[in-house]
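The structure appears below as structure tokens.
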Amino acid sequence: MAFLLPTFLGLLATAMNSQLVYGDTTYEQIGGWGDGRCLGGYLRSWPDQYSREKCQTMCTDSPDCYYCSYRVFIENSACEEYDSSNCGVGLLDQGLPGYTTFKKIFDPSATTTTTTTTVVPLLLPGFESVDGGAGRACRGRSASDNSKAYYHLYNNVGLFKACQSLCATTPDCQGVEHHLGGRCEVWIRPGGIGASAPVSGYTCVRRVLDNTLGCDPSGLLGCHTGYELGWKICLPIATFLSTNQFCASGWMKNSTTDTMQQCILSCKATPNCLFVAWVPGDIPDPYICDHYSSESGCDLSRVTTLGRPYQLWKLT
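Numbering (mature numbering (1 follows the signal peptide of the UniProt record, and there is no 0)), first residue to last: -23 to -1, 1 to 293.
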């Protein structure tokens, strides 16, 4: 078998810059065979003896996947999916040998059909689509009303579900705008999301909540994040401090939770815990919940990071 390996690799090398078609999707090889994997924009991996064809099929089935990197060894194959933020020609990491990267290209001919297909975004309870949701970017009073002051921006969030979860944990969130590449705008405009504009690759949804008692009628959270149900009303138990920050010192432990509310309740049940920082993991569930002590000095000493969408809260 050993003498066949060079021949096998030689045949693979002839596939350089070739295009492989899966249904309505074409894959174009980036560089040569074994030139490396994407530098950034990691979404998820599938370490289970995957063939190149199966790796590309997995990427085809993932709306947020724009590149896939495939590693082939006799006993160790792997498939990694990436968004469009940091990959392509000249943007390959050769630190780990054996990876070959492919770019997903949608077949233009697939649009020439008499059948219209509507992509319906997966909504969490408490959200509704704005003008259909898919293919729409959020706007304020009109389709031309857009300002950075209207939203908190998070990059590399990953899936649409994670973007909605960030809204569910943000006080005064009015809705979200999400891009397939992982970009997430959490809208906090006082007047809400009043309009949208047609932009490919984006989804806009509006949050629908009853704010009377700080309770979420959808049952997703029971009470809004930072509240706990008392006698027929939701009582405040934590205060939102900031985004993209965590405490500089006083770290106690971390755990994985599905919601920011669970992270807060975990801190409440931990002696001497006063601050929590919550951030999506790599895939993006579960989420990482960091606990910080009352002696951390977090009110004055924090670390700011724009690369991860942290949310920092303090128990009341």
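In this text, a Cβ means the ideal position worked out from N, Cα and C, and glycines have one as well.
Ranked by Cα distance from GLY171, the options VAL134, CYS181 and GLU58 are led by CYS181. Residue state for CYS250 is assigned as strand, using DSSP reduced to three classes. Considering only TYR44, ARG48, ALA55 and SER54, the residue with the shortest C-alpha distance to LEU68 is TYR44. Per DSSP, the beta bridge partners of LYS80 are GLU5 and TYR44.
TRP10 has its alpha-carbon roughly 44 Å from the corresponding atom of CYS240. In the DSSP assignment, GLN141 falls within the alpha helix (DSSP H) that extends over 137 to 145. SER173 sits buried, since 16 or more C-beta atoms from the chains shown fall within 10 Å of its C-beta. The DSSP-derived three-state label of GLN238 is helix. For GLN222, the enclosing beta strand (DSSP E) covers residues 222 to 224. Closest in alpha carbon position to MET237, among GLY227, ASN249, PHE217 and SER226, is PHE217. Collapsing the DSSP output to three states places CYS244 in a helix. By the Cβ test, the region 271 to 286 is in contact with the region 215 to 233, since at least three Cβ pairs between them sit closer than 8 Å.
Using a C-beta cut-off of 8 Å, the region 118 to 128 makes contact with the region 149 to 168, since at least three inter-stretch Cβ pairs fall below that distance.
When DSSP reads this structure, LEU292 sits in a beta bridge with ALA215. The C-alpha of TYR4 is placed about 8 Å away from the C-alpha of GLN33.
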